[in-house]
Amino acid sequence: MPEPTETLAEVKGEKDIVVAITEATRDSGGFVTVKGTLTNGGTQSFSATRWVGQETEVQKSGSSVAGAVLVDLKGKKRYYVLRDTEGRCLCTTGLNLIRPRETRPIFAQFPAPPAGVTEVDFELPTMPPAKITISG
């Protein structure tokens, strides 16, 4: 299992926003939890409003990573962020007004792909995909 500070993948998006994935762990309950950091490398505050996704239900999560997906390219399946019974994502919320040079932790929980699937793409709206390896 990778150390929490090891970076599995890093993607750079618009306005010098950097997302670093440090952990992608499969647990016995049938979930995959992806953890990492969001860094605003730009000169203006950033809000993750476009990362929520297009579904009406997940927009309840506000500025968040609710629009993230795991993509199994070989199995041709997409895994969306899990939600609670009220439709809110099981992910980091409150990602508004992230100041320049500020770093915040992020996480998102997904249904686990089949046990044999260890390589997936982590995707956030407006960001390039990041290839990650699931451990556990």
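Each residue of the sequence shown is one higher than the last, beginning at 16 in this note's numbering. In this text, a Cβ means the ideal position worked out from N, Cα and C, and glycines have one as well. Computed from a predicted model, the values in this text were never measured in an experiment.
Is DSSP giving residue i helix, strand or coil here?
i, result
"Gln124", "strand"
"Lys91", "coil"
"Glu134", "strand"
"Glu101", "coil"
"Glu21", "coil"
"Glu38", "strand"
"Met16", "With a pLDDT of 46 at Met16, under the threshold of 50, the modelled position of that residue is not reliable, and the figure given next carries that caveat. Here Met16 sits in coil by DSSP."
"Thr148", "strand"
Give every residue of the same chain whose Cβ lies closer than 7 Å to the Cβ of residue i, excluding the five residues on either side of it in the sequence, and list them in chain order.
i, result
"Thr133", "Thr148, Ile149"
"Ala39", "Leu23, Val47, Val49, Ile147, Thr148, Ile149, Ser150"
"Glu21", "Thr37"
What's the call for residue i, buried or exposed, on a 16-neighbour Cβ count within 10 Å?
i, result
"Gly11", "Any property of residue 11 remains undetermined from this structure, which presents the chain solely from 16 to 151."
"Leu88", "exposed"
"Thr100", "exposed"
"Phe127", "The amino acid occupying residue 127 in the given sequence is Ala; Phe does not appear at that position. So Ala127 ends up on the buried side."
"Ser78", "buried"
Roughly how many whole angstroms lie between the Cα atoms of residue i and residue j?
i, j, result
"Gly51", "Pro144", "14 Å"
"Pro120", "Ala83", "15 Å"
"Thr37", "Leu139", "15 Å"
"Gly57", "Thr118", "12 Å"
"Tyr94", "Asn55", "26 Å"
"Val80", "Phe122", "8 Å"
"Lys92", "Leu85", "8 Å"
"Gln59", "Arg116", "9 Å"
"Phe61", "Thr108", "14 Å"
Please list, in chain order, all residues of the same chain as residue i whose beta carbon is under 6 Å from its beta carbon, the five residues on each side excluded.
i, result
"Leu97", "Leu105, Gln124"
"Val26", "Val34, Met142, Pro143, Ala145"
"Asp31", "Gly56, Gly57"
Which same chain residues end up closer than 8 Å to residue i when comparing Cβ atoms and leaving out the 5 residues on each side of it in sequence?
i, result
"Ala63", "Leu53, Ser78, Ser79, Val80, Leu110, Asn111, Ile113"
"Gly90", "Pro128, Pro129, Val132"
Any heavy atom of the ligand MG closer than 7 Å to the Cβ of residue i?
i, result
"Phe61", "The ligand MG is not part of this structure, which contains no ligands at all."
Does the stretch 109–120 come close enough to the stretch 42–49 that 3 or more CB-CB pairs lie under 8 Å? no
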